[in-house]
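For reference, the structure is listed below as structure tokens.
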Amino acid sequence: MITTSENTATGLKLVLGIGLTFIAGLTLGVFAVIAIQNLIPQSEHTSQDVVQRGVSESSTTRADSGATADSREIWLIQDILNQPSAFDQQRALYATLSSATAKDLKDLWIQSQSIERESHRETVQHGILSKLATISPVEVLEFIDEVSIFQTDALLTSLFSEWSISHLEDAIEAAAKLVGTQRNVALEAILETRDDLSEERRRAIAVQLDKEETYLKRVSDTKAIMSLTEPLRSWDTLVTDEVEDYLQIESLIKVAEAWREQIGFEVLSNIYRTDMEDNQLKQQLIRTIVEVDLPGALDYTRGLTDESEKFSLSRTIVRAWARSDALAALLAVSTFEPTSIASELKVQIAMVWGSTKPNEAIENIEALSDQYRLNTLESAFAQLASQDPKNALARVSSVENLVANTSSIILSVVRAWSYDQPRDATDWVLENYAREDPQRLRLLRSVLRQLAPVEPEAAFEIALEHSTGGRLGGFELDVLVWITYSGNLALAKELIPRVHEDSISFAYVHVGGEMVKKSQADDALELGRDLNETQQSEYHYGLMRIWARENPKNLYEKLDKLPTDDLKSFAAEQLISSNTRPPYLSDDQINHAQTFVKSDD
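Last residue of the sequence shown: number 600 in numbering that gives the first Met the number 0, and the count goes up by one each step with no gaps.
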């Protein structure tokens with residue numbers, strides 16, 4: 000028989016056993032949870048989790064300040080960017096921002112500027128400004144000034160899309176304060192977003208912003224793209240509308256490409272025959288079409304019967320081809336007919352080859368026949384000279400046996416050198432060529448043209464030392480002309496007396512003519528007062544020719560104040576004979592000028 004005390008002891012053991020079992024189980028459970036959590040990466044939150052946290056944080060009063068608030072914002076942004084896909088990032092970002100206040104958004108904007116990865120920074124900033132645009136669009140304009148110019152268009156588009164929905168008139172007023180391309184971007188956003196408005200209203204908005212052509216372009220582009228299955232119709236829409244063709248280059252290219260898909264390279268002839276004032280634009284369209292198959296495009300032109308069209312199209316094709324594979328282009332045109340066009344095509348290939356791939360052209364120059372080598376080498380070495388002129392000059396010797404004379408190649412190098420470093424180029428010529436060497440004067444004539452605007456007095460002194468004299472051949476006269484072209488008339492007037500006697504009257508005429516062009520006609524008349532009678536006569540007659548051409552109305556007003564009757568007569572004759580296209584003087588004025596003309600009797 001079991002006693003009461005024994006029953007009690009047994010019960011205690013049972014309770015203790017159950018308790019220990021429970022504690023052990025609970026401990027194992029905790030460890031299991033910790034282990035599972037450690038096995039799952041902390042960053043793998045769902046976008047739903049981030050959204051819920053973001054909304055919660057945005058709606059919570061900011062009790063913290065300073066570093067604590069900043070840290071929470073940085074953490075929130077980073078959590079959004081840790082989402083596994085761009086879609087989830089956008090979803091989390093926009094949901095998080097949906098209940099943000101203007102203050103929240105401004106704080107987030109400041110923190111977003113510290114995001115290192117550019118694509119992430121742009122994503123977040125675009126979202127912030129998109130939301131802020133619905134609350135305070137005016138403030139968004141201020142923030143846009145802080146971003147990269149490469150972001151500006153996208154942000155302006157987003158801003159004015161939102162703004163035009165909520166407050167159209169305010170958006171239009173704000174767009175009117177923008178300038179240049181920014182106003183155009185704003186208008187494009189308004190027109191695209193508010194397609195619910197009538198055509199008359201949308202056009203009126205464009206007119207209000209002085210951008211009616213933008214509206215017309217949108218209408219024309221839309222019509223053209225909608226009828227793209229009929230490229231001819233689309234093409235006619237674009238080239239006959241009220242919009243300048245260069246503004247529609249993208250649409251024209253799309254239509255031309257669709258046209259090529261339908262009829263092949265016959266589209267080239269259609270483009271060529273289009274009445275388009277901008278020939279450069281036409282060439283750009285042709286280049287775009289032929290780039291897909293340069294050999295095929297050239298083969299198409301072989302069958303053309305109109306030689307003008309044949310040459311124009313083939314010229315554009317081979318110039319494009321020369322940029323990618325000049326040797327292949329040369330081989331292709333070797334069988335082109337007629338030979339007169341083939342020869343010119345080879346010249347075009349050689350010119351492009353030398354200027355775009357100078358090293359390749361020099362190394363393969365023997366692939367060209369003798370008649371094409373020199374021009375190619377001149378172009379190639381000039382291109383090299385823009386990078387390292389002395390090295391280019393040193394390389395000239397490598398082609399001495401491949402051309403008859405390298406003088407023109409050296410000239411091309413020195414000329415290119417003088418564009419950036421006229422003094423260095425001039426010094427090199429003086430140091431490397433003897434005074435009696437004809438090449439010295441030839442090179443100096445090229446480099447001093449560039450030295451004259453920057454070191455006019457030095458250029459003039461060098462020219463005087465090498466003066467060739469003669470009525471038209473004074474070297475210093477050339478330099479004086481270049482000095483006046485640079486606008487330094489005061490110095491030019493001081494230097495005139497030092498010009499060779501045989502050409503001094505021409506120096507006066509040139510400087511006086513430039514003074515007339517700058518509305519200094521009275522001073523120009525006084526300029527020649529110290530010349531002898533013969534020189535003064537030459538000067539005055541030369542000046543009248545320029546004056547009648549450049550400022551006829553002013554000369555007409557001065558007719559009766561000219562110093563001699565002979566000069567008045569000559570000036571009147573010049574006015575009458577030059578008053579054709581366009582007529583600057585009225586019939587009454589011409590009749591009055593006629594009274595100054597001396598009769599032959």
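Here a beta-carbon is modelled for each residue, glycine too, at the ideal position from N, C-alpha and C. As the structure is a prediction and not an experimental result, all values here were calculated from the model.
| message | Quick check on the DSSP output: what are the complete alpha helix (DSSP H) runs of length 4 or more inside the region 172-209, in order along the chain? | response | 179-192 and 198-207
### Euclidean distance between Cα positions of PRO582 and GLU549
13 Å
### Task
Flag this pair as touching only if the region 196-211 and the region 166-178 have three or more C-beta atom pairs under 8 Å; answer yes or no.
yes
Checklist entry - Using the beta-carbon count (16 or more within 10 Å), is ASN400 buried or exposed? => result exposed
| field | Reduced DSSP category for SER97 - H, G, I as helix; E, B as strand; rest coil | value | coil
Looking at ILE76: is its Cβ nearer than 8 Å to the Cβ of SER129?
no
Within the continuous alpha helix (DSSP H) that includes ILE270, where are the two ends?
265-272
Quiz item: Just checking, does the region 256-271 make contact with the region 241-248 on the three C-beta pairs under 8 Å criterion?
Solution: no
- Task: Would you mind stating whether LEU154 and ILE127 have Cβ atoms separated by less than 8 Å?
- Result: no
ALA99 versus LEU284, GLN261, THR133 and VAL146, residue with shortest Cα-Cα distance:
THR133
*Please report how far the alpha carbon of ASP63 lies from the alpha carbon of GLN181, in whole angstroms.*
Confidence at ASP63 is low in this model, with a pLDDT of 44, below 50, so its placement is unreliable and no value can be given for it.
**Q.** Rounded straight-line distance, which links the Cα of ASP419 to that of ALA381
**A.** 12 Å
Buried or exposed: ILE109, going by 16 or more other Cβ atoms within 10 Å of its Cβ?
exposed
For this session: Confirm, please, whether the CB-CB distance from ARG444 to ASP477 is below 8 Å.
Result: yes
Whose C-beta lies closer than 6 Å to the C-beta of PHE595 among residues of the same chain, with five residues either side of it excluded?
LEU558, LYS567, SER568 and ALA571
Start and end of the alpha helix (DSSP H) containing ILE164?
-> 148-165
Can you tell me where the alpha helix (DSSP H) holding ARG497 begins and where it ends? Careful: ARG497 lies outside any alpha helix (DSSP H) and carries neither H nor E.
So, helix, strand or coil for ILE114, using DSSP? coil
Task: Simplified DSSP state of PRO337, which is helix, strand or coil - done: coil
Reference GLY541, options VAL291, THR533 and PHE505, closest by Cα:
PHE505
Point to revise | PHE474, buried or exposed, once every other Cβ within 10 Å from all chains shown has been counted against 16 | key: buried
| request: For THR133, name the three-state secondary structure that DSSP assigns. | output: helix
Q) Short check: CB of VAL254 to CB of LEU280, under 8 Å? A) no
- Message: Just to confirm before moving on: does the CB-CB distance between LEU158 and VAL123 stay below 8 Å?
- Response: no
### Task
Could you tell me the distance, in whole angstroms, from the CA atom of ILE148 to the CA atom of TRP416?
35 Å
With 16 other CB atoms within 10 Å as the buried threshold, where does ASP195 fall?
exposed
Margin query: If you reduce the DSSP assignment to three classes, tell me which class THR533 lands in.
Written below: helix
- Message: Determine whether the beta carbon atoms of ILE340 and LYS309 lie at a separation below 8 Å.
- Response: yes
Would VAL412 and PRO437 be called neighbours here (beta carbons separated by less than 8 Å)? no
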